[in-house]
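Sequences listed follow chains A and B, in order. Under my numbering, think of the first position of the first sequence as 2, with each following residue one higher. Under my numbering, think of the first position of the second sequence as 19, with each following residue one higher. Don't be surprised by glycine CBs; every beta carbon is placed ideally from N, CA and C. Fair warning: this is a prediction, and the values are worked out from it, not measured in the lab.
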Amino acid sequence: MQATLKPPKARRRPSWSDFQRRYAPYLFISPFFILFFAFGLFPIVFNAFLSFHQWQPGTGLGEMKFVGLRNYTDNLTDPTFWLSLKNTAVLAVLSGLPQHLIAIPLAFAIQGGLRRMQNLVTAVYFLPYITSIVAISVIFFTLFSWQYGVINVVLNALHGLPLIGALFPAEKINWLGEKEYVQSAVAMVVVWRYTGWNMLLYLSGLQAIPRELYEAASVDGATRGQQFRFITLPLLRPIMFIAVTLSLIGGLQLFEEPFILTNGSGGAGQAGLTTVMYMYRTYAAYSDAGVAAAMSWLLFLVIGALTLVNNRAFGRSGLAGRD
Amino acid sequence: MTAAPTRTPRLDTRRIGAYLLIFLGALLTVAPFYFMFVFATHTRTDIFHLPPPAWFGSNLDENYRSLVERVPFWRNLWNSLYLAVLTTGFTLFFCTLAGYAFAMFSFKGREALFGLLLATMLIPGTLNIVPFALIMQALGWIDQPRALWVPGMASAFGIFLMRQYIGSSIPRELVEAARIDGATEFGIFRRVIVPLTGPAMATLGLVTFVQSWNGFLGPLIIFRTAETFTAPLALRSMQGIANTDWGALMCGVALTVVPLLILFALASRQLIEGLTAGATKG
Chain A
2 MQATLKPPKA RRRPSWSDFQ RRYAPYLFIS PFFILFFAFG LFPIVFNAFL SFHQWQPGTG
62 LGEMKFVGLR NYTDNLTDPT FWLSLKNTAV LAVLSGLPQH LIAIPLAFAI QGGLRRMQNL
122 VTAVYFLPYI TSIVAISVIF FTLFSWQYGV INVVLNALHG LPLIGALFPA EKINWLGEKE
182 YVQSAVAMVV VWRYTGWNML LYLSGLQAIP RELYEAASVD GATRGQQFRF ITLPLLRPIM
242 FIAVTLSLIG GLQLFEEPFI LTNGSGGAGQ AGLTTVMYMY RTYAAYSDAG VAAAMSWLLF
302 LVIGALTLVN NRAFGRSGLA GRD
Chain B
19 MTAAPTRTPR LDTRRIGAYL LIFLGALLTV APFYFMFVFA THTRTDIFHL PPPAWFGSNL
79 DENYRSLVER VPFWRNLWNS LYLAVLTTGF TLFFCTLAGY AFAMFSFKGR EALFGLLLAT
139 MLIPGTLNIV PFALIMQALG WIDQPRALWV PGMASAFGIF LMRQYIGSSI PRELVEAARI
199 DGATEFGIFR RVIVPLTGPA MATLGLVTFV QSWNGFLGPL IIFRTAETFT APLALRSMQG
259 IANTDWGALM CGVALTVVPL LILFALASRQ LIEGLTAGAT KG
C-alpha cells in the first residue's frame, strides 16, 4: 500500500506558507528592480533614443526630430568637446596617479609602523572623503586665491628654507586664473579628497596578507624594500585593481570640483572644463538635449575603452606582476 | 640570534622619517577644515588680506547674520536633512530586504538577477544625467524632493553589502527554526534578520546619509528656487554672485560640514570597518 502512494509532500495542496516562501524573495528584491527599470534602465534607453534626435527640452515630446548621427558628428567636429575630453583625460591622470602613489606607501607605513594611533590616523585621512565636495571646493577656492591665498603664502614661505627651498616657487602662482595651473589646482583637490579613501582600501588589503610571509622572508634575509616589492605589491594586486578602476571611472566623470573651483565657467582657457561639465552646459545653458545625450554616449565609449585597457593591464602583467 | 623579531619598536631614523611623513600628511589633510573654521570668523576683507588669517577672528555673528540674510539657510539645511533621512530610511529597508532574499532564499534566477544587480554598478552615472532631468520635468517633479529620494530608495551597492553581511554572519538554521515555528517570511525578516544586521545597517545608513547630504549634481538639476535648495546648492548660489561675502559663505560651509564631522566622530570606526569589509570581499 505504502509503495503505491506518491510521497505525501507532492500531494499536499500548496499551503500559504509554501506559497509565500516561494514568492517572497521576488517580492523582496522587486523594489530595486522596479526602481532600476524606471530610473536606471529606461532613462538610458531613452538617452540612446534621444541621441539621434534634435530636441529642445521644454517644447514637448512631439517636437522631437530624427537627425540620425548628426548629434554625434556635431560633437566630434566640435573643438570644445575635444578640449573637454583632453582636459578630462589629463585631470584623470593628474589626479588619479598621485592618489595611488601616495596611498600605497602610506597604507604600508601606517600598517607597519603605527600601532596605537592607527585608527585615529586612518580616520583623519578618511575625513575628506565624507565631506561635501561643494563645501570643500569653496574652501579651496579661497586657499588657492592668487594674491592672498594660504597656499601661495605657505609655498613662498617654504621657498625661504635652506636646502629644500629651491623646490618651492618664489613667485605667487595664479592657480585658478591661468591656463597652466587650473588643472593642477583641480587635481590637488581631488587628490586631497580621495587619497584617504584609497589608503583605506589598501590598508584593508594589507591586513589580509598573512604576517608569516613577511616573517619567512626576513628569515631568508629579504630587506624591507624587497618584502614590499615581492610580497606586498603582488598580493595587493586585486585591491589595486578595484581601487584603480574606481578612480578611473570617477576621474573620467569629474564634475563638482572643477565646476566649483572655476565658478562653473571652465576657468582660464577652459582648461578646467571637463566633459561632464560641458555636457551639463550643453543641456542646461544651450538647451540641446540631443547633443548632450550623444556626448554622454561618446564619454561612455571612452570610459568603457579605458576600463578595458585597465582590465588588460592588470589581467596578466600589470604594475605588480612579473616584469 | 641573527634575525631579531621585526616587531620590536626600533626608533631608527627611517622610522622617524616615516612618522614625520604620516603626520605631515595628516596635517595637510586637516588644514582645509581648520581654515574653514578660521575664515568663518573673519570678514571678507580679513580673509583676502596678507598674510591670510591663521587664527580665529571675531566676526562670526556678523557672518552668520549675513548668511541667513542672503539665503534661507536653515530651510536649505532642513531640505538636505529631509532628503537624507528619507533616502536613508528607504534604502535601509529595501536593501536589507533584498539582501535577505539574496542571502537566505534559493529561488529561480537568483544568480542571474544578482549578476544583473552587480552589473548596474558599472554603468557610469553620466549616461543618466540628461534623461533624468527630462523625466523629472515630464513627471512635474522639478523642485520636488521626491525627484531625488524616490530613485534613491534602493541601491545595488546597499543590497550587495547587506547580502554579504547576512550571508556570512546569520546562520541559516535560525531562519529555518523560525519557519518551523510558523513565522511568515516578512515576520522572519522583521524579528530575526533586522535585529541581527545592526552593524551592516549602520555602515550602509551612514554612507547613504553622507552621499545624499553631499549630493550636488542631482539637486542642481532638480531644484530651481532658493527655498527648495539643499545646503550645497545654497552655498553654490552664494558663490555665484559678483560680490561674494566670503565670511558668510564660510560660515555656511562650516554649518554644512559640522553635522558630518559630528556624525563621523561618533561612527568613524563603524564606517571604516564596514566599508573595508565590503571592499575586500568585492
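task = Using 10 angstroms around the beta-carbon of P213(B), count the other beta-carbons present and answer buried if the total reaches 16, otherwise exposed.
result = For the purposes of this step, residue 213(B) is taken as the residue at position 195 of the second sequence. Label assigned to P213(B): exposed.
message = I want to verify the contact list: residues of chain B whose CB lies under 8 Å from the CB of A294(A), in sequence order.
response = By one-based count along the first sequence, residue 294(A) stands at place 293. Residues of chain B passing the Cβ test: V148, P149.
query = Straight-line CA distance for T283(A) to F53(A)?
reply = Along the first sequence, one-based indexing puts residue 283(A) at 282. Along the first sequence, one-based indexing puts residue 53(A) at 52. Answer to the nearest angstrom: the Cα atoms are 16 Å apart.
ask   = To the nearest angstrom, how far is it from the Cα of P275(B) to the Cα of M65(A)?
value = For the purposes of this step, residue 275(B) is identified with residue 257 of the second sequence, where counting begins at 1. For the purposes of this step, residue 65(A) is identified with residue 64 of the first sequence, where counting begins at 1. Reading the sequence as shown, one finds Val at residue 275(B) and not Pro. Rounded to whole angstroms, the gap between the alpha carbons of V275(B) and M65(A) is 43 Å.
query = P163(B): which of Y100(B), C113(B), G223(B), E194(B) sits nearest, CA to CA?
reply = As a position in the second sequence, residue 163(B) is number 145, starting the count at 1. If we check each option's Cα against that of P163(B), Y100(B) comes out closest.
query = Is DSSP giving Q55(A) helix, strand or coil here?
reply = Translated into the one-based positions of the first sequence, residue 55(A) becomes position 54. It is a strand residue.
key: Inter-stretch contact (C-beta, 8 Å, three-pair minimum) for the stretch 86-98 of chain A and the stretch 187-198 of chain A   = Proximity of the stretch 86-98 of chain A to the stretch 187-198 of chain A meets the contact definition, three or more beta-carbon pairs being nearer than 8 Å.
query = Hey, is L122(A)'s beta-carbon within less than 8 Å of any beta-carbon in chain B?
reply = Residue 122(A) sits at position 121 when you count from the first residue of the first sequence. The sequence shown places Val at residue 122(A), not Leu. True, the Cβ-Cβ gap to chain B drops below 8 Å.
task = Determine, using beta carbons only, whether V125(A) and V48(B) come nearer to each other than 8 Å.
result = Position 124 of the first sequence, counting from 1, holds the residue named residue 125(A). Position 30 of the second sequence, counting from 1, holds the residue named residue 48(B). V125(A) is a Cβ neighbour of V48(B), given a cutoff of 8 Å.
task = Would you tell me roughly how many angstroms separate the C-alpha atoms of I261(A) and R128(B), rounded to the nearest one?
result = Within the first sequence, residue 261(A) is the residue found at index 260, counting from 1. Within the second sequence, residue 128(B) is the residue found at index 110, counting from 1. Near 43 Å, if we compare the C-alpha coordinates of R128(B) and I261(A).
ask   = What are the residues of the stretch 176-195 of chain B that lie near chain A, defined by any Cβ-Cβ distance shorter than 9 Å?
value = Residues of the stretch 176-195 of chain B with a Cβ closer than 9 Å to any Cβ of chain A, in chain order: G176, I177.
ask   = Pick from E213(A), G251(A), L128(A): whose alpha carbon is nearest that of I280(B)?
value = The residue given as residue 280(B) occupies position 262 in the second sequence. The residue with the shortest Cα to Cα distance from I280(B) is L128(A).
inquiry  = Considering only their Cβ atoms, is the gap separating S173(B) from C113(B) smaller than 8 Å?
reply    = Within the second sequence, numbered from 1, the residue matching residue 113(B) stands at position 95. Within the second sequence, numbered from 1, the residue matching residue 173(B) stands at position 155. Going by C-beta atoms, C113(B) is nearer than 8 Å to S173(B).
query = Rounded to the nearest angstrom, how far is the Cβ of T233(A) from that of F109(A), given a contact under 8 Å?
reply = The count along the first sequence starts at 1 and reaches residue 233(A) at position 232. The count along the first sequence starts at 1 and reaches residue 109(A) at position 108. 6 Å between Cβ atoms; contact.
message = If you follow the alpha helix (DSSP H) that A244(B) is in, where does it begin and where does it stop?
response = One-based indexing of the second sequence puts residue 244(B) at position 226. Taken as a continuous stretch (DSSP letters only), A244(B) belongs to no alpha helix (DSSP H), as it is neither H nor E.
query = Between the stretch 229-251 of chain A and chain B, which residues of the former have CB atoms less than 8 Å from a CB of the latter, in chain order?
reply = Those would be I240, I243, I250, in chain order.
inquiry  = Assuming contact is defined by CB atoms lying nearer than 8 Å, are T308(A) and L249(A) in contact in what I supplied?
reply    = Start at 1 with the first residue of the first sequence, and residue 308(A) comes out as number 307. Start at 1 with the first residue of the first sequence, and residue 249(A) comes out as number 248. For T308(A) and L249(A), yes; Cβs fall inside 8 Å.
inquiry  = Cutting at 6 Å between CB atoms, please list the residues of its own chain near L107(A), excluding the five before and the five after it.
reply    = Residue 107(A) sits at position 106 when you count from the first residue of the first sequence. Cβ neighbours of L107(A) beyond the five flanking positions: M200.
inquiry  = So the candidates are L289(B), E245(B), A72(B), Q288(B); which of them puts its Cα closest to the Cα of F91(B)?
reply    = Your numbering for residue 91(B) matches position 73 in the second sequence. Of the candidates L289(B), E245(B), A72(B), Q288(B), the one whose C-alpha sits nearest the C-alpha of F91(B) is E245(B).
Every unbroken alpha helix (DSSP H) within the stretch 171-240 of chain A, with a cutoff of 4 residues, ordered by chain = If only complete runs of 4 or more residues are kept, the stretch 171-240 of chain A shows the alpha helix (DSSP H) at 180-208, 212-220, 225-228, in order along the chain.
task = Measure the C-alpha to C-alpha separation of F82(A) and A290(A) and round it to an integer number of angstroms.
result = In the first sequence, residue 82(A) corresponds to position 81, counting from 1. In the first sequence, residue 290(A) corresponds to position 289, counting from 1. Straight-line Cα distance between these residues: approximately 15 Å.
ask   = If you draw a straight line from the alpha carbon of P71(B) to that of W147(A), how long is it in whole angstroms?
value = As a working mapping, residue 71(B) is identified with position 53 in the second sequence. As a working mapping, residue 147(A) is identified with position 146 in the first sequence. Their backbone Cα atoms lie some 15 Å apart in a straight line.
task = Closer than 8 Å by C-beta to F108(B): which residues in its own chain qualify, once you throw out the five before and the five after it? Chain order, please.
result = The residue given as residue 108(B) occupies position 90 in the second sequence. Within the same chain, F108(B) has close Cβ partners W167, G170, M171, A172.
query = Quick one: Cα of P239(A) to Cα of F229(A), how far?
reply = By one-based count along the first sequence, residue 239(A) stands at place 238. By one-based count along the first sequence, residue 229(A) stands at place 228. Distance between the alpha carbons of P239(A) and F229(A): 16 Å.
query = Any Cβ of chain A within less than 8 Å of the Cβ of W264(B)?
reply = For the purposes of this step, residue 264(B) is identified with residue 246 of the second sequence, where counting begins at 1. By this cut-off, W264(B) is an interface position.
query = Do M268(B) and V89(B) have their CB atoms nearer than 8 Å?
reply = Position 250 of the second sequence holds residue 268(B). Position 71 of the second sequence holds residue 89(B). It is not a contact, given that the beta carbons lie outside the stated cut-off.
request  = Can you check DSSP and say which residues form a bridge with K66(A)?
outcome  = If you number the first sequence from 1, residue 66(A) lands on position 65. DSSP, once it has assigned bridges, lists Q55(A) as partnering K66(A).
inquiry  = Helix, strand or coil for Y118(B)? Go by DSSP, reduced to three states.
reply    = Position 100 of the second sequence holds residue 118(B). In this structure, Y118(B) counts as helix in the three-state DSSP scheme.
task = Compare the C-beta of Y27(A) against all C-beta atoms of chain B and say whether one is closer than 8 Å.
result = For the purposes of this step, residue 27(A) is taken as residue 26 along the first sequence, with counting starting at 1. Yes, Y27(A) counts as interfacial toward chain B.
Beta-carbon proximity of I140(A) to V271(B), cut-off 8 Å = Counted from its first residue, the first sequence places residue 140(A) at position 139. Counted from its first residue, the second sequence places residue 271(B) at position 253. For the pair I140(A) and V271(B), the CB atoms are nearer than the 8 Å cut-off.
message = Buried or exposed for W73(B), going by 16 or more other Cβ atoms inside 10 Å?
response = Position 55 of the second sequence, counted from the first residue, corresponds to residue 73(B). W73(B) comes out exposed.
message = Between the alpha carbons of R32(B) and N311(A), how many angstroms are there, rounded?
response = Walking along the second sequence from the start, residue 32(B) turns up at place 14. Walking along the first sequence from the start, residue 311(A) turns up at place 310. Roughly 34 Å between the two C-alpha positions.
request  = Within 10 angstroms of the Cβ of R254(B), are there 16 or more other Cβ atoms? Answer buried if so, exposed if not.
outcome  = Numbered from its first residue, the second sequence carries residue 254(B) at position 236. Buried: at least 16 other Cβ atoms inside 10 Å.
key: Buried or exposed by the 16-neighbour rule on C-beta atoms within 10 Å, applied to M241(A)   = On the first sequence, residue 241(A) is found 240 positions in, with the first residue counted as 1. With 16 or more other Cβ atoms within 10 Å, it is buried.
ask   = Any residues in the stretch 253-269 of chain A with a beta carbon nearer than 9 Å to a beta carbon of chain B? Which ones, in chain order?
value = Taking a C-beta cut-off of 9 Å against chain B, the contacting residues of the stretch 253-269 of chain A are L253, Q254, F256, E257, F260, I261, N264, G265, listed in chain order.
message = If distances are taken between C-alpha atoms only, which option among F207(B), E291(B), I239(B) comes closest to F111(B)?
response = Taking the second sequence and counting its residues from 1, one reaches residue 111(B) at position 93. Here the closest residue by C-alpha is F207(B).
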